[in-house]
Amino acid sequence: MKEDRTIAPVLELRALKKSFGENQVLKGFDLQLHEGEILVVMGKSGSGKSVMIKCLVGLMQADEGVIRIKGRNITELGQTELDILRTEIGFLFQGSALYDSMTVRENLEFPLRHHKEKLNITETNEQLVLEALDNVGLVEAIDLMPAELSGGMKRRVALARALILKPRIILYDEPTTGLDPITSKEIINLMRSIQKKYRTSALIITHDVDCARVISDRIILLVDGVNYIEGTYQELIRSDDPKVQAFFKT
Amino acid sequence: MKGPETLRSRTISFFTEIGEISYFALRFFREVFRPPYEFRELIRQCYNIGNRSLLLVCVTGFILGLVFTLQSRPTLMEFGAESWMPSMVSISIVREIGPVIIALICAGRIGSGIGAELGSMRVTEQIDAMEVSGTNPFKYLVVTRIVATTLMLPLLIILGDTVALFGSAVVENLKGEVSYQLYFNEVFDALQYSDIIPATVKSFFFGFAIGLVGCFKGYNCSKGTVGVGEASNAAVVYTSMLLFIIDFIAVFVTDIFFEVQ
Chain A
1 MKEDRTIAPV LELRALKKSF GENQVLKGFD LQLHEGEILV VMGKSGSGKS
51 VMIKCLVGLM QADEGVIRIK GRNITELGQT ELDILRTEIG FLFQGSALYD
101 SMTVRENLEF PLRHHKEKLN ITETNEQLVL EALDNVGLVE AIDLMPAELS
151 GGMKRRVALA RALILKPRII LYDEPTTGLD PITSKEIINL MRSIQKKYRT
201 SALIITHDVD CARVISDRII LLVDGVNYIE GTYQELIRSD DPKVQAFFKT
Chain B
1 MKGPETLRSR TISFFTEIGE ISYFALRFFR EVFRPPYEFR ELIRQCYNIG
51 NRSLLLVCVT GFILGLVFTL QSRPTLMEFG AESWMPSMVS ISIVREIGPV
101 IIALICAGRI GSGIGAELGS MRVTEQIDAM EVSGTNPFKY LVVTRIVATT
151 LMLPLLIILG DTVALFGSAV VENLKGEVSY QLYFNEVFDA LQYSDIIPAT
201 VKSFFFGFAI GLVGCFKGYN CSKGTVGVGE ASNAAVVYTS MLLFIIDFIA
251 VFVTDIFFEV Q
């Protein structure tokens, strides 16, 4: 995927810092995601990947740094403006985070309740839910409860929920963690097909090298809270750097 | 030096928690009147909290009235004062025992349930998912639950009191051969507005306290599944203490306004 770097990035982090007490997790992390691009951020467990993605959507407050989504600095936005901006972002959580007390249909309808009119979406809830479930091949699960779904199905429903407002950017937090290799492949293929269909930009946080190999346009390796190296998968596997080699060999 | 140091840190954490819960309550009052309103979720919570507590409240109330009457009977008989039984039982239950016991039972059932539910939603990132989808989870989860407990507790307490009086009437009917009609005539003669109104007003505060503490503990839960257990447990312990404090204040205020003899 060749993206136009002359256009402003849809998502940008500059010198992001975040500490928990004495432990400085992010020490000035930078990132730019361009229109239609699939960017993978890799790093060991505890390297600050999830903290970074949570700062990005305002679930955590960064200590320092700039976070821009579609050119708007989210740290300067009020709650209402931030909520509206969040409708342009789909977020797939590591553990799916489906609402236990709601059916699949209600899970998918939930984000529509307050934003459908604001976003001028004309389709009915039923149409939107069916379209989203059709994208992930789970229309038959519409009236099931999350407890009745397998791990892979939950991840697909969560992906459908992330897509329901037709966001321009999708953030994936460890999309294949905890899944068997076959289901992981299904999820990765699904992510690719969605990206092709809706022309979304995607930021994927993972330590799954296979996932990065198949789907990424570009990879950033996050080590000790900073960008260690950046490039395509082919560039990184050819790197002589021992840290990069150790990561890709594992 | 370990003792004073521990005392110091515990005192600080106690006052920090008081500050946090006060801020949480303040946020509730800020959000409760601000649209959009979550009526459907409020009704669902009222159903969950009210309807699903009915059996527990009825059984507790019935046994409360039954036991209270059975235990008091011999003492009153000793003084030849069995006829005072309906008025004594009704005033005790309506003013004090009914609201406090039913509220404590509800703190166990509802408070711990809210703490565990919101706690598990927090640790499984469901609350984060709501926030990311542009919905205000505080309004959807917290405001609805606190309003529901505040509205439902008085109804549950009125029901519990009524069933307790019925339990007492059953004992009087079986042991003292007092008719139900006579028993309830005596009850209504004995009860004054000054007994019913303060008890009803304080039951709104009991409901608010149960909802507030349960939501606070669950919403701010951390430390994984261990944290969920702790949130649920702490919700019951803190609420129980708070109920007695509210009860003490309510009795004090009632004494000023209604000049209880």
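From first to last, the protein sequence lines are chains A and B.
Mapping of the first sequence onto my numbering: residues 1 to 250, in sequence order.
Mapping of the second sequence onto my numbering: residues 1 to 261, in sequence order.
Think of the CB as a built atom: it goes at the ideal place given N, C-alpha and C, for glycine as much as any other residue.
Here the structure is a predicted model, which means the values were calculated and not measured.
From the listed residues A:Met153, A:Glu76, A:Tyr228, the smallest Cα separation to A:Phe29 is found for A:Tyr228.
At a cut-off of 7 angstroms between C-beta atoms, B:Ser53 does not count as an interface residue with respect to chain A. A distance below 7 angstroms separates the beta carbons of B:Ile49 and B:Thr149. Residue range 23–33 is occupied by the beta strand (DSSP E) that includes A:Asp30. A:Ala141 has no beta-bridge partner at all, per DSSP. Relative to the Cα of A:Ile170, the nearest Cα in the group A:Thr177, A:Ala160, A:Leu179, A:Asp143 belongs to A:Ala160. Taking a Cβ-Cβ cut-off of 9 angstroms, B:Gly224 has no neighbours in chain A, whose nearest Cβ is about 12 angstroms from it. According to the DSSP secondary-structure assignment, A:Glu12 is paired through a beta bridge with A:Gln32, A:Arg68.
B:Glu31 sits away from B:Phe206, with the two beta carbons spaced by 7 angstroms or more.
In the DSSP assignment, A:Ile89 is bridged to A:Ile169.
By the rule that beta-carbons nearer than 7 angstroms mark a contact, A:Ala97 touches chain B. Using beta-carbon distances, B:Gly176 does not count as an interface residue toward chain A, since no partner is under 7 angstroms. If you compare the alpha carbons of B:Ala107, B:Thr225, B:Pro36, B:Ser194 with that of B:Val253, the shortest gap goes to B:Ser194. Within 10 angstroms of the beta-carbon of B:Phe29 lie fewer than 16 other beta-carbons, which makes it exposed. When the alpha-carbon of A:Leu138 is set against those of A:Arg155, A:Thr232, A:Asn125, the nearest one is in A:Arg155. Against chain A, the beta carbon of B:Ser92 has no neighbour under 9 angstroms; the closest one sits roughly 40 angstroms away. DSSP, read as helix, strand or coil, puts A:Glu230 in strand.
Residue pairing by DSSP puts A:Ser201 in a beta bridge opposite A:Ile169. A:Lys17 carries a strand assignment under DSSP once its states are collapsed to helix, strand and coil. Close to A:Thr87, with beta-carbon spacing below 7 angstroms, are these residues of chain B in chain order: Gly134. Boundaries of the alpha helix (DSSP H) around B:Met88: 85–92. A straight line joining the alpha-carbon of B:Ser9 with that of B:Gly108 spans about 29 angstroms. Per the coordinates, the alpha-carbon of B:Val201 lies some 41 angstroms from the alpha-carbon of A:Gln61. Annotated three-state conformation of B:Leu7 is helix, per DSSP. Around the Cβ of A:Lys18, a 10 Å sphere holds 16 or more other Cβ atoms; the residue is buried. Sixteen is the threshold: when 16 or more other Cβ atoms of the shown chains lie within 10 Å of the Cβ of A:Thr87, as they do, the residue is buried. Close partners of A:Pro111 in chain B (Cβ separation under 8 angstroms): Ser133, Gly134, Thr135. Beta bridge pairing from DSSP links A:Arg218 with A:Leu39. Across the stretch 34–45 of chain B, CB contacts with chain A closer than 7 angstroms involve Pro36, in sequence order along the chain. Just so you know, the alpha carbons of A:Ile204 and A:Pro175 end up roughly 8 angstroms apart. Within the same chain, and ignoring the five residues on either side of A:Lys118 in sequence, the residues whose Cβ sits closer than 8 angstroms to its Cβ are Ile84, Thr87. Taking each of B:Val123, B:Leu165, B:Phe188 in turn and checking the Cα distance to B:Ser222, the smallest one comes out for B:Val123. Per DSSP, the beta bridge partners of A:Asn73 are A:Arg68.
In the structure shown, B:Val187 falls within a helical segment according to DSSP collapsed to helix, strand and coil.
Within the same chain, and ignoring the five residues on either side of B:Gly227 in sequence, the residues whose Cβ sits closer than 7 angstroms to its Cβ are Gly119, Val123, Cys221. Burial is judged here by how many other beta carbons sit within 10 angstroms of a residue's own beta carbon; B:Arg95 has at least 16 and is buried.
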